[in-house]
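Asks:
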Amino acid sequence: MFLLNYKEEDEEMMQISSGENLVTLRRGLHDTQLPYNLPSHVMPSSDQSQVVSITRCHKEEKRFQCGECGKQFTKSSSFFMHRRIHTGEKPYSCAECEKCFTSKSNLVTHERIHTGEKLHSCSLCGKCFTDKSSLVRHQRSHTGEKPYACLECGKGFVQKSDLVKHERIHTGEKLYACLECGKCFTTKSNLATHEKIHTGERLYSCLECAKCFTSKSNLIRHERSHTGEKPFSCSECEKCFITKAKLVDHQRSHTGEKPFSCALCGKCFTKKAVLVIHQRTHTGEKPYSCTECGKCFISKAKHRDHQRRHTENRQL
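Take any residue in the sequence shown, count from 1 to its spot, add 7: that is its number in our numbering.
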């Protein structure tokens, strides 16, 4: 194993060509060390300011491996760009908003947000995008293509990042922790939404009733209570629901699936919320108390029914 120093800003270049390997030795600035096994016919230089990047002319081989995460690359440029994920280096900054990026191409794509330039348009619906990758992902909404499948449950996804987030459901991995209460989340966006509970920030308000929400998705779901829209329908009985989660819960009434089991008695339930209420029969927890008489209840529904009796008695 030979420890090489890579110089990103090249001033001099020498080339040694042998067979199908092209070994490029460069001199320049900004050292980055790279462990690499040299071909036996190439002798390592005593000058450690040299960089060796190897390009296969006929068959591409992943010769550059990240010592941090093990990911491999065929090109040195891709390798060194990847390393910035670990180092946190972002050498390209936007002149408009000063946001920084690991690569120039990402900066160029970002700058289109400010200019409004959208070069890539969908041939099916005409919608335009700032970059080609966003267009490709969008086109899958027309084709139904979901190239990224979960090895655990087989569920497919339009983009890899969605698959990575989904896989955390199976692994239980929650990388993002709230500094205020310590609660952990699988995605950064879920953490950001949660943090608004502590700050009291509610940016999204309903035009119908002025009720405010911490996220746009919660507002959209709420607005359906005004419009009556139920976009999620059961293929078995055609019953419709406001949210996909409610549809999934309902479908279990057809399949008989009860994925939520009590660790204390083994009883199973179709919904997690019902399991939580059941567990209170073991713990004795009664979090809902009546403001009228102080009586406590294990569920919000029982609490509501009880308070209704007080209201009826007062009316009598």
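All C-beta atoms, glycine included, are put in the ideal place defined by N, C-alpha and C.
#1: Have a look at V115 and F87 and give me their C-alpha separation to the nearest angstrom.
#2: Relative to the C-alpha of H229, which candidate in G207, E180 and I249 has its C-alpha closest?
#3: Is it buried or exposed, T234, if we count other Cβ atoms within 10 angstroms and call 16 or more buried?
#4: Rounded to whole angstroms, how far is the Cβ of H317 from the Cβ of E292, which I believe are closer than 8 Å?
#5: Once you ignore the five residues that flank Q79 on each side, which residues in its own chain have a CB closer than 6 Å to its CB?
#6: How is S130 classed by DSSP in three states: helix, strand or coil?
#7: Please identify the residue among G189, D256, T194 and S212 whose C-alpha is closest to the C-alpha of H205.
#8: Does the distance from the CB of K265 to the CB of H257 come in under 9 Å?
#9: Applying the criterion that 16 or more other CB atoms from any shown protein chain within 10 Å of the CB defines a buried residue, is I92 buried or exposed?
#10: Using the beta-carbon count (16 or more within 10 Å), is H48 buried or exposed?
#11: Is the separation between the beta-carbon of C185 and that of L198 shorter than 9 Å?
#12: Which residues does DSSP list as the beta-bridge partners of Q72?
#13: Express the C-alpha separation of G179 and E202 in angstroms, rounding to a whole number.
#14: Can you list, in chain order, the residues of its chain with a C-beta nearer than 6 Å to that of F164? Leave out the 5 residues immediately preceding and following it.
#15: Note down, in chain order, each residue of its chain lying with its Cβ closer than 7 Å to the Cβ of C269, except the 5 sequence neighbours on either side.
#16: Going by the CB atoms, is the gap between S232 and F220 shorter than 9 Å?
#17: Throw me the rounded Cβ distance for the L131 and H149 pair, which I believe falls under 8 Å.
#18: Per DSSP, which one or two residues make a beta bridge with G207?
#19: Among E96, I120 and H121, which has the Cα closest to the Cα of S110?
#20: Quickly, what does DSSP pair S296 with across the bridge? List them, please.
#21: I need the boundaries of the alpha helix (DSSP H) containing V281, first residue and last residue.
#22: My understanding is that C101 touches E118, with C-beta atoms under 8 Å, so please give their C-beta distance in whole angstroms.
#23: Could you give the DSSP three-state label for A102: helix, strand or coil?
#24: Got a sec? Which residues, its chain only, sit under 6 Å from R175 by beta carbon, not counting five neighbours each side?
Replies: Reading from the atomic positions:
#1: 19 Å
#2: I249
#3: exposed
#4: Rounded, the Cβ-Cβ distance is 23 Å, inconsistent with contact.
#5: K69 and Q72
#6: coil
#7: G189
#8: no
#9: exposed
#10: A caution first: H48 carries a pLDDT of 43, below 50, which makes its placement in the model unreliable, though a value can still be read off. Exposed, since its Cβ has fewer than 16 Cβ neighbours within 10 Å.
#11: yes
#12: Q79
#13: 21 Å
#14: K153, Y155 and L170
#15: L282, H285 and Q286
#16: no
#17: 5 Å
#18: DSSP lists no partner for G207.
#19: E96
#20: C303
#21: K279 to T290
#22: 6 Å
#23: coil
#24: T193
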